[in-house]
Amino acid sequence: MSFLDFLIPTAYAQAAGGQPQGGGFGMLLFPIILIAIMYFLMIRPQMKRQKEHKSMLDKLSRGDEVITSGGVAGTVTDIGDNFVTVEIADNVRVRVQKGAIGNVLPKGTLKSA
Numbered sequence: 027m028s029f030l031d032f033l034i035p036t037a038y039a040q041a042a043g044g045q046p047q048g049g050g051f052g053m054l055l056f057p058i059i060l061i062a063i064m065y066f067l068m069i070r071p072q073m074k075r076q077k078e079h080k081s082m083l084d085k086l087s088r089g090d091e092v093i094t095s096g097g098v099a100g101t102v103t104d105i106g107d108n109f110v111t112v113e114i115a116d117n118v119r120v121r122v123q124k125g126a127i128g129n130v131l132p133k134g135t136l137k138s139a
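Quick note: to get our numbering, add 26 to the position in the sequence shown (first position is 1).
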């Protein structure tokens with residue numbers, strides 16, 4: 027017996043068996059159940075978050091205090107179709123894409139900070 031016999035098990039030939047017993051319906055049912063679980067645990071919550079984010083962007087208006095996905099906080103001064111102008115300090119304005127708006131803060135949050 028060599029050292030490789032301990033690392034790699036030896037394959038032994040077996041007589042050819044007949045058809046596998048059962049498992050036809052179970053083999054078909056398992057992937058369907060797996061896909062259903064993936065849908066309810068991963069896909070559906072992500073779609074819900076995307077829908078909420080789109081709703082938040084549609085309700086965005088001038089004067090709202092926002093935080094971008096990059097962490098920049100400011101007040102919305104202008105809203106276009108694809109871009110939003112955010113004032114981050116007195117007379118300092120930054121244009122960001124609408125999708126980059128992460129959260130809308132309650133009014134007065136930036137003034138108290």
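We put the CB at the ideal spot given by N, CA and C, even for glycine.
Counting only residues of its own chain and dropping the five nearest sequence neighbours on each side, residue 136 has a CB closer than 7 Å to the CB of 91, 99 and 101.
In terms of CA proximity to residue 119, 110 leads the group 110, 130 and 126. Contact between residue 82 and residue 122 does not hold, since their C-beta atoms are separated by about 15 Å, which reaches or exceeds 8 Å. Taking each of 107, 132 and 57 in turn and checking the Cα distance to residue 125, the smallest one comes out for 107. Around the beta carbon of residue 114, fewer than 16 other beta carbons sit within 10 angstroms, so the residue counts as exposed.
In the structure shown, the three-state DSSP call for residue 100 is strand.
Taking C-beta atoms under 8 Å as the contact rule, residue 88 and residue 105 qualify, at a distance of about 7 Å. Going by beta carbons, residue 128 and residue 94 fall inside the 8 Å limit. Looking at the DSSP output, residue 129 bridges to 93.
DSSP places residue 75 in the helix class (H, G or I) of the three-state scheme.
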